[in-house]
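Asker: Protein chains in written order, with the numbering used here: chain A, 1 to 142; chain B, 143 to 226. For every residue, glycine included, the Cβ atom is placed at its ideal position computed from N, Cα and C. Remember, predicted model here, so these are calculated numbers, not experimental data. Please see the structure below; I have some questions.
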């Protein structure tokens, strides 16, 4: 099991921590398009389902797994309002936001993904480091 | 650059320096263009790959916008993520 599912089970489901994802696009044009698609899904309250379907269908660098056509197929598979999704994505509604967020992340020193912070402090992505950082942010009675 | 074994495994994926991909993007684009050209000449396979639809998270886990978990939780984990 990866780190994130364990963190979800131990800390998110128990109300001790919350996870905020800040999508950025370091890895090229389709990377940016995928983030825009997630934002369009977010308009329909489906950010996390879309987030999950993206990770479940990654094709690796250089693949077309996140092509415009495939992103639309994901929207269909999840049962989104596909017309609204297509309109949002084709209009490039979130293109500049994604670019700005990526620049802001770089300015914060983020140069790899995933980069993780706990209460504003960067931590390594291994489970024990994450657990220690989260426990350190909890009050003794939590 | 090789995957970092210490920092890898967030979602079972290795950490990846973005600029490595940036440096390789031009080469990848050239290869991709060649594949497209060859595929066009040979009438390449256009069948779509099957889509994996993950099981939804438990309803007890709050999901609001980009945030997963209770908004009042005392600890905030912030993840910068590139979906690709």
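Please state whether DSSP places residue 5 of chain A in a helix, a strand or coil.
Answerer: The answer is helix: DSSP assigns residue 5 of chain A an H, G or I state.
Asker: Which chain B residues sit within Cβ distance under 7 Å of residue 81 of chain A?
Answerer: Those do not exist, as residue 81 of chain A stays about 17 Å from chain B at its closest Cβ, beyond 7 Å.
Asker: Using 8 Å as the Cβ pair cut-off and three pairs as the minimum, do the region 74-91 of chain A and the region 196-214 of chain B touch?
Answerer: The region 74-91 of chain A vs the region 196-214 of chain B: no contact.
Asker: Name, please, each residue of chain A whose Cβ falls closer than 7 Å to the Cβ of residue 202 of chain B.
Answerer: Neighbours of residue 202 of chain B on chain A, chain order: 13.
Asker: Note down, in chain order, all residues in the region 103-137 of chain A with a beta-carbon under 7 Å from any beta-carbon belonging to chain B.
Answerer: Correct list: 105, 110, 111, 112, 113, 114, 115, 116, 117, 118, 119, 124, 125, 126, 134, 137.
Asker: Using the C-alpha atoms, what's the distance from residue 3 of chain A back to residue 127 of chain A?
Answerer: Between residue 127 of chain A and residue 3 of chain A, the C-alpha separation is close to 5 Å.
Asker: Closest by CA to residue 96 of chain A, which one among A:57, A:49, A:23?
Answerer: Of the listed residues, the one whose Cα sits closest to residue 96 of chain A is A:23.
Asker: Once you ignore the five residues that flank residue 182 of chain B on each side, which residues in its own chain have a CB closer than 8 Å to its CB?
Answerer: The pLDDT assigned to residue 182 of chain B is 45, lower than 50, so where the model puts this residue is not dependable, and the model offers no usable value.
Asker: Could you check the C-alpha separation between residue 130 of chain A and residue 34 of chain A for me, to the nearest Å?
Answerer: Going by the C-alpha atoms only, they are around 27 Å apart.
Asker: Are three or more beta carbon pairs between the region 45-61 of chain A and the region 187-200 of chain B nearer than 8 Å?
Answerer: With a cut-off of 8 Å, the region 187-200 of chain B and the region 45-61 of chain A count as touching, because enough Cβ pairs lie within range.
Asker: Between which two residues does the beta strand (DSSP E) carrying residue 143 of chain A extend?
Answerer: The question about residue 143 of chain A has no answer here: the residues shown for chain A are numbered 1 through 142.
Asker: Does the beta-carbon distance from residue 134 of chain A to residue 37 of chain A come in below 8 Å?
Answerer: No, the Cβ-Cβ distance between residue 134 of chain A and residue 37 of chain A is not below 8 Å.
Asker: Where do the ends of the alpha helix (DSSP H) carrying residue 49 of chain A lie?
Answerer: Counting along the chain, the alpha helix (DSSP H) containing residue 49 of chain A begins and ends at 47-56.
Asker: How long is the line joining the alpha carbons of residue 44 of chain A and residue 123 of chain A, rounded to whole angstroms?
Answerer: Taking the straight line joining both Cα atoms gives about 32 Å.
Asker: Would you list the residues sitting across from residue 129 of chain A in a DSSP beta bridge?
Answerer: Paired residues: none, contrary to the question.
Asker: Does the structure place the region 212-222 of chain B close enough to the region 110-120 of chain A that three or more beta carbon pairs sit under 8 Å?
Answerer: Yes: the two stretches touch, three or more of their Cβ pairs being nearer than 8 Å.
Asker: Could you compute how far the alpha carbon of residue 201 of chain B sits from the alpha carbon of residue 224 of chain B?
Answerer: Cα to Cα, residue 201 of chain B sits roughly 26 Å from residue 224 of chain B.
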